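J.: The structure under discussion is supplied below as structure tokens; questions concerning it will follow.
Protein chains: 2
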Amino acid sequence: MLSKKTKYGLKALTYIARSEGDSPVQVGEIAKSEQIPQKFLESILLTLRKSGILGSKKGKHGGYYLREAPSEIKMTDVMRVLEGPIAMVPCVSLNYYEKCEDCPDEHKCSVHKLMIEVRDKTLSVFKNTTLADLSGS
Amino acid sequence: MLSKKTKYGLKALTYIARSEGDSPVQVGEIAKSEQIPQKFLESILLTLRKSGILGSKKGKHGGYYLREAPSEIKMTDVMRVLEGPIAMVPCVSLNYYEKCEDCPDEHKCSVHKLMIEVRDKTLSVFKNTTLADLSGS
DNA sequence: GTAATTCCTATTAAATTGATAGGATTAATA
DNA sequence: TATTAATCCTATCAATTTAATAGGAATTAC
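If you read the sequences in order, they're chains L and V.
Letter by letter, the first sequence follows residues 15 to 151 in our numbering.
Letter by letter, the second sequence follows residues 15 to 151 in our numbering.
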């Protein structure tokens, strides 16, 4: 299941994509409109900024803005920042690979091959979807 | 990420599929061979039995066995029993549908459509995979 | 009747997630 | 320069879920 962090993050990004004009969008506005606890949303947008997906402007009239056009922002990147690995087991993760403790040989593991398939299918969706698709192009 | 419950469950099913002969397979044997805490595995196999995937025989020389041939046991069923919904959000779940609290209209939700796509791709993998595939046909 | 097994319920420990709190820092503007 | 309004940062807490353990009841083979 998707964490609320990810869901809130996706909604916020969509909101920003839709309302991009001259000035950055403020956390308070997004929180109110999308019914997200403001302080929680703050921390999520901070994560997105640190990862390079969002930029920010501090102080009065500050807020957040996209660093690239919505059509350039891939779901693979967004999901990895918000949700972490796309794979269902660490041993098939491309970006966060880890050996499973309980597996002497992962090529003999019955779960391994199945999870590679799932990973590839999921990845294909996220690779071919951008923020523009979410915000209704 | 897959829960350990699911991973252990899949490994145990694979083990049973591979060693099916006349007599049922015992929890202790599986636990030892697959390095799974025995009591934890007990509860997992109990779940699988209650769902109808496994059968059991009590008492001395008892144990667990598959209710159908490995090639008849679909991953969709196994995953739903062990891991729960296949969808990443309740509002796109086929078997466990629930409205999202924070969504006034799910057809306008930017996350909804994306998650339907992911669900369908994942589902296609699980639909076309059986325990026979896991246990090396 | 004894030993070996599944079955059942309850409990606990650890990890993760969701949310909150309080203030430091920065920038616009009057 | 003081005020206001925003992001930024760190810490903490509460709730939930996950992983594992404990102890014994019920059942069956021999």
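Glycine included, every Cβ here is placed at the ideal spot set by N, Cα and C.
Just so you know, these numbers come straight off a predicted model, no measurement behind them.
Taking the straight line between their C-alpha atoms, what separation do you get for S98 of chain V and Y111 of chain V?
T.: At residue 98 of chain V the sequence reads Gly, which differs from the Ser that was named. CA-to-CA, the gap between G98 of chain V and Y111 of chain V works out to about 12 angstroms.
J.: So for T136 of chain L, helix, strand or coil by DSSP?
T.: helix
J.: If we cut at 7 angstroms on Cβ distances, does V141 of chain V have a partner in chain L?
T.: It is worth fixing the name first, because residue 141 of chain V is Lys in this sequence and not Val. By this cut-off, K141 of chain V is not an interface position.
J.: List the endpoints of the continuous beta strand (DSSP E) containing K71 of chain L.
T.: L68 to K71
J.: With DSSP as the reference, please indicate the residues paired to G76 of chain V in a beta bridge.
T.: The partner list for G76 of chain V (beta bridge, DSSP) is empty, contrary to what the question assumes.
J.: Find the residues of chain L that neighbour E131 of chain V, judging by a C-beta separation of less than 8 angstroms, and give them in chain order.
T.: V139 and T143
J.: With a Cβ-Cβ cutoff of 7 angstroms, do A146 of chain V and P104 of chain V count as a contact?
T.: no
J.: So I30 of chain L is in the alpha helix (DSSP H); what residue range does that whole segment cover?
T.: K18 to R32
J.: Considering only residues of the stretch 35 to 63 of chain L, which uninterrupted alpha helix (DSSP H) runs meet the minimum length of 4 residues and lie entirely inside it, listed in chain order?
T.: 41 to 48
J.: Determine the closest residue to L60 of chain V out of V:A26, V:E82 and V:Q49, with distance taken between C-alpha atoms.
T.: V:A26
J.: Output the distance between the C-alpha atoms of E43 of chain V and S149 of chain V, rounded to the nearest integer angstrom.
T.: Approximately 17 angstroms, taken between the alpha carbons.
J.: Is there a Cβ from chain V that is less than 7 angstroms from the Cβ of L148 of chain L?
T.: yes
J.: Pull up the DSSP beta-bridge partners for T144 of chain L, would you.
T.: L:K88
J.: By Cβ distance, which residues of its chain are closer than 6 angstroms to E32 of chain V, with the 5 residues on each side in sequence left out?
T.: Per the sequence presented here, residue 32 of chain V reads as Arg, with Glu not at that position. Contacts found: S149.
J.: In whole angstroms, what separates the C-alpha of L55 of chain L from that of G69 of chain L?
T.: 15 angstroms
J.: Comparing the C-beta of K21 of chain L with each C-beta of chain V, is any distance below 7 angstroms?
T.: Cβ-Cβ to chain V under 7 angstroms: yes for K21 of chain L.
J.: Using the C-alpha atoms, what's the distance from S57 of chain L back to E82 of chain V?
T.: 49 angstroms
J.: Y127 of chain L by DSSP, collapsed to three states: which one?
T.: Note that residue 127 of chain L corresponds to Lys in the displayed sequence, not to Tyr. Residue state, collapsed to three classes: helix.
J.: Rounded to whole angstroms, what is the Cα-Cα separation between S107 of chain L and G73 of chain V?
T.: Between S107 of chain L and G73 of chain V, the C-alpha separation is close to 42 angstroms.
J.: Assuming V132 of chain V and V139 of chain L make a contact with CB atoms under 8 angstroms, what is their CB distance in whole Å?
T.: 5 angstroms
J.: Let me know if M15 of chain L comes out buried or exposed under the rule of 16 or more other beta-carbons within 10 Å of its beta-carbon.
T.: exposed
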